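Here my numbering is used: the first residue of the sequence shown is 1, the next is one more, and so on. By construction, the Cβ of each residue, glycine as well, lies at the ideal position given by its N, Cα and C atoms. Owing to the predicted nature of the structure, the values given are computational and were not obtained by experimental measurement.
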Amino acid sequence: MNTLHKMFSNSQISFDPLNFIGLLATVLISFYIFKSEIPFSYIKERHEKLIFPLFDLLEPLLYQKPDDNTWESVCNIIEKNKSLADGTLLNIYYYCKNCPSQENFIALCSYVDHAYDKSCQLQKLKCRSIEYRILHKQYKSKTYLVFYILALSLLGIIFFLIGLIAFVLMLVLAKSIFDSADNSAKIVMLILFSVAGMAFVKYVERHQ
């Protein structure tokens, strides 16, 4: 802690607001470009033409026993939208079409089950809750459901701890930079912190 304080309180280090703003803008632009690698139009088209029709068809039968009409409908949906299917789905489709067994149907259900939630997340749509899954028996087995809930809870705790540690470190770093900055730089930093705080509040409100 003392080393960090000495590093930022060194009189030879001057805080340049323009460089700080430029660095922040570069980080934000890089993050935006990274998130925008997959066009939203493609995500939406894939959801509407492939993922949702498959989920809508299979949801009443998830992880259960299909009939001949279900097999035919599944194959028709995938066949018409092959350009939107990834390698995993095409592989499952091949086995389902040539060998329509219960094992292959479970593999198809597992893919569609996860792909639907992922597609909803990419479009900022609300995913199914654990209560919904339990009520409609949308899980491979009770053992799988228990492990899923435990893994989800553990993952949430890990992310919370990581976020808490990162937040504390950012506060310490921000305080050190703020204390070593001149008056004009402090004003700029206060404005940036205020904007970031408002953005965080809006984000939390939208995702409640």
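Ranked by Cα distance from I106, the first of V146, Y93 and D117 is Y93. Taking I43 as the centre and dropping the five residues before and after it, the same chain places the C-beta of L122 closer than 6 Å to its C-beta, in chain order.
The stretch 65-82 and the stretch 149-159 do not touch, with fewer than three beta-carbon pairs separated by less than 8 Å.
Taken through DSSP and simplified to helix, strand or coil, R133 comes out as helix.
The Cβ atoms of I51 and Y116 lie closer than 7 Å to each other. Closest by C-alpha distance to D68, out of K186, C99, A166 and H114, is C99. In this structure, DSSP gives Q102 a helical state, which the three-state scheme calls helix.
L57: member of the alpha helix (DSSP H) spanning F52 to L58, first to last residue. Boundaries of the alpha helix (DSSP H) around D68: D68 to K80. DSSP, read as helix, strand or coil, puts A107 in helix. Straight-line spacing of the CA atoms in K80 and K186 works out to 59 Å. Note that the C-beta distance between C109 and L62 is below 7 Å.
The alpha carbon of R46 has as its nearest neighbour, out of G197, N183 and I78, the alpha carbon of I78.
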